[in-house]
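Engineer:
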Amino acid sequence: GAVVSQHPSWVICKSGTSVKIECRSLDFQATTMFWYRQFPKQSLMLMATSNEGSKATYEQGVEKDKFLINHASLTLSTLTVTSAHPEDSSFYICSARPGWNEQFFGPGTRLTVL
Amino acid sequence: EDKVVQSPLSLVVHEGDTVTLNCSYEVTNFRSLLWYKQEKKAPTFLFMLTSSGIEKKSGRLSSILDKKELFSILNITATQTGDSAIYLCALGTSGSRLTFGEGTQLTVNP
Numbered sequence: 340g341a342v343v344s345q346h347p348s349w350v351i352c353k354s355g356t357s358v359k360i361e362c363r364s365l366d367f368q369a370t371t372m373f374w375y376r377q378f379p380k381q382s383l384m385l386m387a388t389s390n391e392g393s394k395a396t397y398e399q400g401v402e403k404d405k406f407l408i409n410h411a412s413l414t415l416s417t418l419t420v421t422s423a424h425p426e427d428s429s430f431y432i433c434s435a436r437p438g439w440n441e442q443f444f445g446p447g448t449r450l451t452v453l
Numbered sequence: 022e023d024k025v026v027q028s029p030l031s032l033v034v035h036e037g038d039t040v041t042l043n044c045s046y047e048v049t050n051f052r053s054l055l056w057y058k059q060e061k062k063a064p065t066f067l068f069m070l071t072s073s074g075i076e077k078k079s080g081r082l083s084s085i086l087d088k089k090e091l092f093s094i095l096n097i098t099a100t101q102t103g104d105s106a107i108y109l110c111a112l113g114t115s116g117s118r119l120t121f122g123e124g125t126q127l128t129v130n131p
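So the sequence lines, in the order shown, correspond to chains Z and H.
Numbering-wise, the first sequence is residues 340 to 453 according to our numbering.
Numbering-wise, the second sequence is residues 22 to 131 according to our numbering.
(1) So, does the segment 410-429 of chain Z touch the segment 380-391 of chain Z, judging by three or more C-beta pairs under 8 Å?
(2) Would F66/H pass as an interface residue toward chain Z - the criterion being a Cβ-Cβ separation below 8 Å?
(3) Tell me whether I351/Z is buried or exposed, calling it buried when 16 or more other Cβ atoms sit within 10 Å of its Cβ.
(4) If L70/H sits next to S93/H, beta carbons under 8 Å apart, how far is it from one beta carbon to the other, in whole angstroms?
(5) Taking only three categories from DSSP, how would you classify T371/Z?
(6) Under the three-state reduction of DSSP, which class applies to G113/H: helix, strand or coil?
(7) Short of 7 Å in beta carbon distance, which residues of its chain neighbour G438/Z, apart from the five on each side in sequence? Order them along the chain.
(8) Find out if the Cβ-Cβ distance for the pair T120/H, I107/H is shorter than 8 Å.
(9) Considering just the uninterrupted stretch of the beta strand (DSSP E) at D87/H, what are its terminal residues?
(10) Please report how far the alpha carbon of S117/H lies from the alpha carbon of V401/Z, in whole angstroms.
(11) How big is the Cα-Cα spacing for S28/H and T448/Z?
(12) Counting beta carbon pairs with one atom in the segment 76-92 of chain H and one in the segment 348-366 of chain Z, are three or more of them shorter than 8 Å?
(13) Leaving out five residues on either side along the sequence, give the residues of the same chain with a beta carbon under 7 Å from the beta carbon of S45/H.
(14) Could you check what DSSP says for E426/Z in three-state terms: helix, strand or coil?
(15) Answer yes or no: do G37/H and T128/H have a C-beta to C-beta separation smaller than 8 Å?
(16) One question on the structure: do P446/Z and A111/H come within less than 8 Å of each other, judged by their Cβ atoms?
(17) On a CA-only basis, which of I408/Z, E441/Z, E426/Z and R436/Z is nearest P379/Z? Give me that one, please.
(18) Let me see if you follow: with CB-CB separation under 8 Å, is G122/H close to chain Z or not?
(19) Express the C-alpha separation of K405/Z and T421/Z in angstroms, rounding to a whole number.
(20) In chain Z, which residues lie with their C-beta within 8 Å of the C-beta of T109/H?
(21) Tell me, which residues are paired with S412/Z by DSSP?
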């Protein structure tokens with residue numbers, strides 16, 4: 340149980356385009372989902388906390404207009420990287436919380452912006 | 022500001038060795054300390070610790086928390102090449118936010 344999926348696994352796009360990443364909890368309902376970013380050889384950095392039915396809470400330094408988060412249902416959160424640039428290339432990981440303290444991570448999405 | 026510091030940053034051992042990974046932290050509102058293993062993709066959960074002095078064990082891996090001295094250790098005995106990974110320590114605070122350390126890159130050579 341407690342499986343989280345992400346789609347796509349890998350995406351390459353041109354600079355200036357927008358990319359949407361989906362995070363789904365497959366066998367549980369997640370009132371809270373988290374989005375992380377991980378640059379090479381660095382640890383996971385929390386970008387935002389996404390609560391179903393309300394606006395996401397962004398960490399300091401993360402542009403909410405650039406990284407749009409929508410948590411439309413208890414099993415789906417999406418992260419849209421708008422007008423992506425090469426510096427946005429990173430490994431994006433979501434996690435979902437079923438209601439207790441533990442978080443379950445998705446497999447990650449590797450974004451490469453050319 | 023909550024902070025997690027892991028050491029060493031990188032470790033290379035031979036199969037069969039025992040390793041100890043360290044995690045120290047500073048926190049305003051402690052809820053839990055978690056250990057994850059990250060190979061090529063996203064982290065996989067190992068342990069969650071909330072109480073001092075109680076060892077959690079899973080096979081060759083074990084972990085313990087010291088809330089007075091603000092640190093935790095992760096032990097791996099009889100290491101295998103499949104243990105090669107980045108081991109991440111994370112602090113769980115209010116709102117279920119996780120603050121991650123930089124990780125320890127463990128390489129186990131045959």
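Cβ coordinates follow ideal geometry from the N, Cα and C atoms, glycine included.
Structural biologist: Let me spell this out:
(1) yes
(2) yes
(3) exposed
(4) 6 Å
(5) strand
(6) In this structure, DSSP gives G113/H an extended state, which the three-state scheme calls strand.
(7) T370
(8) No Cβ-Cβ contact shorter than 8 Å links T120/H with I107/H.
(9) L82 to D87
(10) 19 Å
(11) 28 Å
(12) no
(13) So the qualifying residues of the chain are V26, L91 and F92.
(14) helix
(15) No.
(16) no
(17) E426/Z
(18) yes
(19) 5 Å
(20) The sequence given here places Leu at residue 109/H; Thr does not occur at that position. Neighbours of L109/H across chain Z, judged by C-beta separation under 8 Å: S382 and L383.
(21) L415/Z
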